[in-house]
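*Asks:* Each residue of the sequence shown is one higher than the last, beginning at 179 in the numbering used here. Note that the Cβ used here is the ideal one computed from N, Cα and C, for glycine as well. Quantities reported herein were computed from a predicted structural model and do not represent experimental measurements. One structure, pasted below without further comment.
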Amino acid sequence: MLELKSLNVHYGVIHVLKDVSLTVGRGQIVTLIGANGAGKTTALRTISGIKAPSSGSIILDGQDITKIPAPKRVVLGLSQVPEGRRIFASMSVYENLELGAYLRKDTKAVKSDIQDVFARFPILGKRQKQPAGTLSGGEQQMLAIGRALMLKPKILLLDEPSMGLAPILVNEIFDIIKNINEQGTTVLLVEQNASKALAIADIGYVLETGTIVLSGTGAELAASDDVKKAYLGG
């Protein structure tokens, strides 16, 4: 579904991503873990087209999208839930979901899909007329995920979905990610909570200072002494 080939990204003279190559198979959950500043968010921003790579290529569903502008990548089936959620605070929950479907012309199906989001996240249905900025952090995260799903993406990019959430909500968010995947959406997950991410991931990659240093199945990485020591408190 998605392949990065020898991707290099710079911010000025700072070399942020260094020959990063990874593959996300159709129907998989793939996670990218690493410390703060490792380049995880930059990787997602580059895949989305927000940041241009210095070299290398990005292949989505067999098509080279390296030079395709960000809005057109959305049309091709790529949807991102950004770090910090970035919901439209002054707009209602319902309006945020409508905006998620801004590219779609099938108005009846959009309304039906909004109801599907409310079925998945009942609290959003109860608060659909509220300004989104009045929701709790966990509810805003649900809204950000629901908004991204309104485009019916082939692949969903999730950037730190558990950040700032209470432990009970963290478990709920990871259950939601798993469920979304089971219903057919491929997922690329960037997450600092390595234990939770690896527990649901088919494949994991470890990014350190812009370089992939380890990869394997989620279970293999969770069992790795190096990963335990660096990311799992072992």
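Could you round the C-beta distance between Pro339 and Ile358 to whole angstroms and report it? I think they count as a contact, below 8 Å.
*Replies:* Within the sequence shown, residue 339 is the residue found at index 161, counting from 1. Within the sequence shown, residue 358 is the residue found at index 180, counting from 1. So it is not a contact: roughly 11 Å between Cβ atoms.
*Asks:* Between which residues of its own chain and Ala216 is the CB-CB distance below 8 Å, once the five residues before and five after are set aside?
*Replies:* The residue you call residue 216 lines up with position 38 of the sequence shown. Result list for Ala216: Leu385, Glu386, Thr387, Gly388, in chain order.
*Asks:* Start and end of the beta strand (DSSP E) containing Asp197?
*Replies:* One-based indexing of the sequence shown puts residue 197 at position 19. Taken as a continuous stretch (DSSP letters only), the beta strand (DSSP E) holding Asp197 covers 192–202.
*Asks:* With a Cβ-Cβ cutoff of 8 Å, do Ser373 and Ala401 count as a contact?
*Replies:* Position 195 of the sequence shown, counting from 1, holds the residue named residue 373. Position 223 of the sequence shown, counting from 1, holds the residue named residue 401. It is not a contact, given that the beta carbons lie outside the stated cut-off.
*Asks:* Per DSSP, what kind of secondary structure is Asn359 in: helix, strand or coil?
*Replies:* By one-based count along the sequence shown, residue 359 stands at place 181. In the structure shown, Asn359 sits in a helix (DSSP, three-state: H, G or I).
*Asks:* Report the rounded CA-to-CA distance for Gln306 versus Val271, giving the unit in angstroms.
*Replies:* Along the sequence shown, one-based indexing puts residue 306 at 128. Along the sequence shown, one-based indexing puts residue 271 at 93. The alpha-carbon atoms of Gln306 and Val271 are separated by roughly 5 Å.
*Asks:* For the beta strand (DSSP E) that contains Ser393, what are its first and last residues?
*Replies:* Counted from its first residue, the sequence shown places residue 393 at position 215. Element bounds for Ser393: 389–395.
*Asks:* According to DSSP, is Gly234 helix, strand or coil?
*Replies:* For the purposes of this step, residue 234 is taken as the residue at position 56 of the sequence shown. Strand.
*Asks:* Ends of the beta strand (DSSP E) at Ser257?
*Replies:* Taking the first residue of the sequence shown as 1, we reach residue 257 at position 79. Per DSSP, Ser257 belongs to the beta strand (DSSP E) from 256–259.
*Asks:* Which of helix, strand or coil does DSSP assign to Ile333?
*Replies:* In the sequence shown, counting from the first residue as 1, residue 333 sits at position 155. In this structure, Ile333 counts as strand in the three-state DSSP scheme.
*Asks:* How many angstroms separate the CA atom of Asp197 from the CA atom of Val391?
*Replies:* Mapped onto the sequence shown, residue 197 falls at position 19. Mapped onto the sequence shown, residue 391 falls at position 213. Approximately 11 Å between the Cα atoms of the pair.
*Asks:* Determine the DSSP secondary structure at Ser184, reduced to helix, strand or coil.
*Replies:* As a position in the sequence shown, residue 184 is number 6, starting the count at 1. It is a strand residue.
*Asks:* Give the single residue among Ala267, Pro231, Pro309 whose Cα lies nearest to the Cα of Asn186.
*Replies:* Within the sequence shown, the letter at position 8 stands for residue 186. The candidate whose alpha carbon is nearest that of Asn186 is Pro231.
*Asks:* Measure how close the beta-carbons of Ser226 and Gln258 come, nearest whole angstrom, since I'm counting them as under 8 Å.
*Replies:* For the purposes of this step, residue 226 is taken as residue 48 along the sequence shown, with counting starting at 1. For the purposes of this step, residue 258 is taken as residue 80 along the sequence shown, with counting starting at 1. At roughly 5 Å, the Cβ-Cβ gap stays under 8 Å, so Ser226 and Gln258 are in contact.
*Asks:* With distances taken from CA atoms, which of Asn214, Asp404, Val202, Ser233 is nearest His193?
*Replies:* Mapped onto the sequence shown, residue 193 falls at position 15. The residue with the shortest Cα to Cα distance from His193 is Ser233.
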